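According to our numbering, the sequence shown is numbered sequentially starting from 1. We put the beta carbon where it would ideally sit given N, CA and C, even for glycine. In this text the structure is predicted, and so the values were computed from the model without any measurement. Reading through the structure tokens given below for one structure.
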Amino acid sequence: MRIHRSTLAAALAASLFTAVACSSDSGTGTGSGGGTPVRVDVVSSPAAIGAAGSVAAAFTVKVVDAKGVGVPNVVVTFSSTGAVTVSPASVTTDASGSATTQVALSTIVGSGTVRATTAGVSTAATSAISVVAGATTKLVNTPKALRFFNVGDTARISTVAQDQFGNAANGAVTYSVVDGTLVSVDQAGLVRVIRQPGTTLVISSSSSRADTTVITVLAVGASNCTGVATVTPMNVGDVQTFTGTQYACLNGATSGAEFALVAFNSSTDPTNPLTVAVTGNGLAPVPSTIKLASTGTVALRSAIGSKAAALPLLDDDFHLRLLAESNQQFKGALPHARMARRAAVSRSITGNGTVSYSGIPATAKVGDIVTLNVSSGICGGAINHGLRVEAIGTKSIVLADTLNPSGGFTNADFQRISARFDTLVYPLDVGAFGAPSDFDNNGKVAILFTRTVNEMVDSTSGYFVGGFFNPRDLFPKVGSTPGENCAGSNEGEMFYMLVPAPSGINGVKHTTGFVDSITTGIVAHEFQHLINGGRRMYINTAANDFEEVWLNEGLSHIAEELLYYRESGMTPRMNLTDSLIRIINRPTYGFWKSDAASNFSRLLQYLRNPSGNSPYGNDDALPTRGATWQFLRYLADRLGTTDGTLWQRFDNSTVTGLATLQSVIGTAPTPYFRDWAVANYVDDLGVNSDPRFMHASWNFRDIFTNTFLNIPTYPLAVTSLLDDTKQNLSVRGGSASYLRFAMPAGKEGLLTFSSGGGAPSTPLQFIVVRTK
Numbered sequence: 001m002r003i004h005r006s007t008l009a010a011a012l013a014a015s016l017f018t019a020v021a022c023s024s025d026s027g028t029g030t031g032s033g034g035g036t037p038v039r040v041d042v043v044s045s046p047a048a049i050g051a052a053g054s055v056a057a058a059f060t061v062k063v064v065d066a067k068g069v070g071v072p073n074v075v076v077t078f079s080s081t082g083a084v085t086v087s088p089a090s091v092t093t094d095a096s097g098s099a100t101t102q103v104a105l106s107t108i109v110g111s112g113t114v115r116a117t118t119a120g121v122s123t124a125a126t127s128a129i130s131v132v133a134g135a136t137t138k139l140v141n142t143p144k145a146l147r148f149f150n151v152g153d154t155a156r157i158s159t160v161a162q163d164q165f166g167n168a169a170n171g172a173v174t175y176s177v178v179d180g181t182l183v184s185v186d187q188a189g190l191v192r193v194i195r196q197p198g199t200t201l202v203i204s205s206s207s208s209r210a211d212t213t214v215i216t217v218l219a220v221g222a223s224n225c226t227g228v229a230t231v232t233p234m235n236v237g238d239v240q241t242f243t244g245t246q247y248a249c250l251n252g253a254t255s256g257a258e259f260a261l262v263a264f265n266s267s268t269d270p271t272n273p274l275t276v277a278v279t280g281n282g283l284a285p286v287p288s289t290i291k292l293a294s295t296g297t298v299a300l301r302s303a304i305g306s307k308a309a310a311l312p313l314l315d316d317d318f319h320l321r322l323l324a325e326s327n328q329q330f331k332g333a334l335p336h337a338r339m340a341r342r343a344a345v346s347r348s349i350t351g352n353g354t355v356s357y358s359g360i361p362a363t364a365k366v367g368d369i370v371t372l373n374v375s376s377g378i379c380g381g382a383i384n385h386g387l388r389v390e391a392i393g394t395k396s397i398v399l400a401d402t403l404n405p406s407g408g409f410t411n412a413d414f415q416r417i418s419a420r421f422d423t424l425v426y427p428l429d430v431g432a433f434g435a436p437s438d439f440d441n442n443g444k445v446a447i448l449f450t451r452t453v454n455e456m457v458d459s460t461s462g463y464f465v466g467g468f469f470n471p472r473d474l475f476p477k478v479g480s481t482p483g484e485n486c487a488g489s490n491e492g493e494m495f496y497m498l499v500p501a502p503s504g505i506n507g508v509k510h511t512t513g514f515v516d517s518i519t520t521g522i523v524a525h526e527f528q529h530l531i532n533g534g535r536r537m538y539i540n541t542a543a544n545d546f547e548e549v550w551l552n553e554g555l556s557h558i559a560e561e562l563l564y565y566r567e568s569g570m571t572p573r574m575n576l577t578d579s580l581i582r583i584i585n586r587p588t589y590g591f592w593k594s595d596a597a598s599n600f601s602r603l604l605q606y607l608r609n610p611s612g613n614s615p616y617g618n619d620d621a622l623p624t625r626g627a628t629w630q631f632l633r634y635l636a637d638r639l640g641t642t643d644g645t646l647w648q649r650f651d652n653s654t655v656t657g658l659a660t661l662q663s664v665i666g667t668a669p670t671p672y673f674r675d676w677a678v679a680n681y682v683d684d685l686g687v688n689s690d691p692r693f694m695h696a697s698w699n700f701r702d703i704f705t706n707t708f709l710n711i712p713t714y715p716l717a718v719t720s721l722l723d724d725t726k727q728n729l730s731v732r733g734g735s736a737s738y739l740r741f742a743m744p745a746g747k748e749g750l751l752t753f754s755s756g757g758g759a760p761s762t763p764l765q766f767i768v769v770r771t772k
């Protein structure tokens, strides 16, 4: 067919015009040659299953309009999830409306999805891919070595086929043994001893790959420790620590030799436990295990006879939640609060040169009504009640909610409470922890008795709230920035107390006598919190945060203990027994019940499950509080012959948590936690007098088994370690798990420690005590 030149020129001109028109398309809306994009279709995608680490293939999609026509010059965004990746992530469609990216598979098996999207289209085009292990490149036997002691002994080898990235691969594994006269092995990996002694190899093979396990069969009568560890001789009372080793070898020497193993986790992380398997070879049967205490209500013996008296169920959890929420809300805010206070001082000076705040004025008189926020919230949700000033002491001002129920404390009672604070609690806590701040410049600590404390529970709760300190009251209402305002603050040093409710509040009744009996101990507890917080806010001004909850609570439990010593005439480091606190000093037994018994109740919860708790766990658990109190008392007893100024060093700290402990001790606290854990087994057992392993103030074994009714013996959780039986342990940071085992006379026993089939985790330390 002949084409005239004029016709060809016209066609070329039209083509050029079309090209220019297409190139002017923005690429973000409708492309030329197609309408508006309405759908993204998959044209081709990688196979649904691919080997780890490979490039799967191309993922191609087509953007089409309502008529199914491809739309060119549209940007397609590719993305991926899971075990796949895409490159490039953005592609413009070609003339047919298609766009392509390459898909690569992760080196770790799993599943993934690739997606393609474009503007204006709500539904993505997707393709799912499973990443599986590649070809077997190696075999891994577990364990790598086996030791046997007797003909007929068995153990199993497990073998995993792996690809080049360590993923478990498919493939049948077969087993063979070099010396079939020494041991046999079946195709499930079970090795059985045929004769003694000797050494050989068990070989696993699959897909031309192999691995070996060394088999050692000891001679008849050989030591279990042969070729593994040298014997560590131990006499009764000796303590040996095994760190960074997988084996320990011990000798029974005489008949009836018994040992305790303390598996201690030295990690500073109290949240994630470490696991370890402990196996003993060559052990003797263990004598009957220690009986654990019942898990019911803790009951006390009376001073005479054994009539049960259950401890009241005080809600410790609420108080911890309040402190934890405050720590979170006010994290890093202490410097800003100081700035706001200085700004308030500069603009609020009164005629007599003092600062005027909205809380309790220094001029308050008995009978005055002061409006305060009595809620347990932080800065919001205020509950404003009128409180009547009932008593004013040298250091205290006692107020009662005008909405309190009738039949409660009289004015004479409030006067007595004020006097007890001024003459007992104030000098006790200030002497131990330091003087409080005086944010409100009234020279007093306010004790607020309000029904809102009672209203925090009802008849279904099963516990009561005794009182609380709210850190919000140490913050100005107006912060240095609007975001730091604490409108709910009462701007002063105060705490809130339970009130008598003879007729009940929310169905819960409290007699005047009961509330009176617990008030002094709770006041001592809350006052420590106030001192600690106030000193960090306005005295020790290098501090940025409040003390961590676990340590703050432990110090307040120390305050309760110190109150017992002061009221009873006892002193620390007397190794107090049931007889001393309950029989010989019968008139002061009531002080132990009101001031000290709750600490023992919390400690009981820890001793029942030491490995599952931690003395520095940042949680609201009762076992944590019991462990922290006991550790702090242990620390004070170990560091000095008297408490001296030790507790003030805690409340003068400008750091928090374990850093506070290190600043007080002068060195890392971890060894002290380890020795404390050992003391919980060794103390008053009569086998060791090393002061590192002693509780000098309390004979816990005697008190738990004699003062408490339903605890048949010392309640520390201890497990028997049996011969050739693996005992799996899980231990939180700062705490320990306890095992007992025995050794036959003249024999050597081998202890093996392993984590994940290999050497034990580095922070784990194993302390062995010879007890018999």
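Inset, instruction - Check each candidate in Asn470, Gly112, Ile203, Thr113 and name the one with the smallest Cα separation from alanine 145. - result: Ile203
Legend entry - Delimiting residues of the alpha helix (DSSP H) encompassing histidine 385: Per DSSP, histidine 385 belongs to no alpha helix (DSSP H); it is in the beta strand (DSSP E), 384-392.
Inset, instruction - Out of Val664, Ile531, Asp211, Asp619, state which residue places its alpha-carbon closest to the alpha-carbon of glycine 640. - result: Closest option to glycine 640, Cα to Cα, is Val664.
Inset, instruction - Give the secondary structure of isoleucine 447 by DSSP, where H, G and I count as helix, E and B as strand, and everything else as coil. - result: strand
Inset, instruction - State the beta-bridge partners of cysteine 249 as determined by DSSP. - result: Val231, Leu750
Legend entry - Cβ shell of valine 63 (< 6 Å), same chain only, five flanking positions each side left out: Pro37, Val40, Val71, Val74, Thr93, Gly97, Thr118
Inset, instruction - Would you tell me roughly how many angstroms separate the C-alpha atoms of alanine 168 and glycine 756, rounded to the nearest one? - result: 16 Å
Inset, instruction - For the alpha helix (DSSP H) containing methionine 694, list its first residue and its last residue. - result: Taken as a continuous stretch (DSSP letters only), methionine 694 belongs to no alpha helix (DSSP H), as it is neither H nor E.
Inset, instruction - Going by DSSP, name the residue or residues bridged to threonine 275. - result: As a beta-bridge residue in DSSP terms, threonine 275 pairs with Ser730.
Legend entry - Among Ser208, Tyr247, Gly380, Ala51, the one whose alpha carbon lies nearest that of glycine 171: Ser208
Inset, instruction - Given a cut-off of 8 Å, decide if methionine 743 and leucine 283 are closer than it, judged by their beta-carbon atoms. - result: Taking C-beta atoms as the reference points, leucine 283 and methionine 743 count as a pair closer than 8 Å.
Legend entry - Beta carbon of arginine 608 nearer than 8 Å to that of alanine 717: yes
Inset, instruction - Let me know the secondary structure DSSP gives methionine 494 once reduced to three states. - result: strand
Legend entry - Check whether tryptophan 550 and threonine 624 have beta carbons under 8 Å apart: yes
Legend entry - the region 408-427 / the region 442-457 touching (three or more Cβ pairs under 8 Å): yes
Legend entry - Selection from Ser255, Ser266, Ala253, Val76 that minimises the alpha carbon distance to threonine 241: Ser266
Legend entry - Straight-line gap, threonine 142 to valine 217 (C-alpha atoms, nearest Å): 18 Å
Inset, instruction - Return the CA-CA distance between valine 687 and threonine 771, expressed in angstroms with no decimal places. - result: 6 Å
Inset, instruction - Give the secondary structure of glutamine 765 by DSSP, where H, G and I count as helix, E and B as strand, and everything else as coil. - result: strand
Inset, instruction - Use the C-beta contact count for phenylalanine 766: other C-beta atoms within 10 angstroms, 16 or more gives buried, fewer gives exposed. - result: buried
Legend entry - For proline 502, three-class secondary structure by DSSP: strand
Legend entry - the region 733-750 / the region 609-620 touching (three or more Cβ pairs under 8 Å): yes
Legend entry - DSSP-derived helix/strand/coil call for glutamine 187: coil
Inset, instruction - May I have a chain-ordered list of the alpha helix (DSSP H) segments no shorter than 4 residues that lie completely inside the region 614-649? - result: 622-639
Inset, instruction - From the DSSP output, read off the bridge partner residues of serine 111. - result: Ser130
Inset, instruction - Look at the Cβ atom of threonine 520, then the Cβ atom of valine 425, and state whether they are nearer than 8 Å. - result: Valine 425 sits close to threonine 520, with the two beta carbons spaced by under 8 Å.
Legend entry - Sub-8 Å separation of valine 508 and valine 457 beta-carbons: yes
Inset, instruction - Confirm, please, whether the CB-CB distance from asparagine 470 to alanine 362 is below 8 Å. - result: no
Legend entry - Spatial neighbours of glycine 533 in its chain, beta-carbon cut-off 7 Å, leaving aside the 5 residues before and after: Listed in chain order, the non-local C-beta contacts of glycine 533 below 7 Å within the same chain comprise Pro471, Leu474, Phe546, local neighbours out to five positions each way being set aside.
Inset, instruction - Within its chain, find whatever has a CB closer than 7 Å to the CB of threonine 81; leave out the 5 residues flanking it on each side and keep chain order. - result: Gly112, Thr113
Legend entry - Among Ile397, Gly393, Thr402, Ala391, nearest to phenylalanine 371 - alpha-carbon criterion: Looking at the sequence provided, one finds threonine at residue 371 rather than phenylalanine. Taking only the C-alpha atoms, the option nearest threonine 371 is Thr402.
Inset, instruction - Would you kindly check if the distance between the Cβ of tyrosine 564 and the Cβ of phenylalanine 439 is under 8 Å? - result: no
Inset, instruction - Can you check DSSP and say which residues form a bridge with glutamine 162? - result: Lys138, Ala168
Legend entry - Rounded C-alpha distance that separates arginine 701 from glycine 467: 31 Å
Legend entry - Cβ distance (whole Å) where threonine 501 is taken to contact proline 572 below 8 Å: Looking at the sequence shown, residue 501 is not threonine but alanine. So it is not a contact: roughly 36 Å between Cβ atoms.
Legend entry - Selection from Ala47, Ala133, Val42, Val131 that minimises the alpha carbon distance to threonine 123: Val42
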